[in-house]
Structures are given as structure tokens and as C-alpha cells.
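Undergrad:
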């Protein structure tokens, strides 16, 4: 069995590129204590931040 290449090891650890179908995109949020924040949140997943 051949050894996996470095490219394969690195690409498996990269986050998936979000698309419009499976993300909620927030751009330029400035209310309360937010200062022009941009977010891409995955749909159908639990998201927790503090």
C-alpha cells in the first residue's frame, strides 16, 4: 500500500468551501458590540460561540 502524499493529508484537513445552499452569510454586522463582522455559518449544524 503506497504512502499517502502530503497533498492528500493537507487537503483532508482543510475546511470545506461554503456555498450559498449550505451556509448563512452575514456581512458587515455592526449592531451592539459588533464592528463590521463577516460570518459564514453552516446550515443544519449546531453553532456555539461566546
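Residue numbers (UniProt numbering): 1 to 50.
Where a beta carbon is used, it is the ideal one built from N, C-alpha and C, also for glycine.
At the level of alpha carbons, what is the spacing between residue 20 and residue 27?
TA: For the purposes of this step, residue 20 is identified with residue 20 of the chain shown, where counting begins at 1. For the purposes of this step, residue 27 is identified with residue 27 of the chain shown, where counting begins at 1. Those two C-alpha atoms are separated by around 13 angstroms.
Undergrad: Where does residue 46 fall in DSSP's three states?
TA: Taking the first residue of the chain shown as 1, we reach residue 46 at position 46. It is coil, neither helix nor strand.
Undergrad: Rounded to the nearest angstrom, how far is the Cβ of residue 23 from that of residue 44, given a contact under 8 angstroms?
TA: Counting from 1 along the chain shown, the entry for residue 23 is found at position 23. Counting from 1 along the chain shown, the entry for residue 44 is found at position 44. In fact, because the Cβ distance is near 10 angstroms, the residues do not count as touching under 8 angstroms.
Undergrad: Between which two residues does the beta strand (DSSP E) holding residue 30 run?
TA: Within the chain shown, numbered from 1, the residue matching residue 30 stands at position 30. First-last for residue 30: undefined, no H or E at that position.
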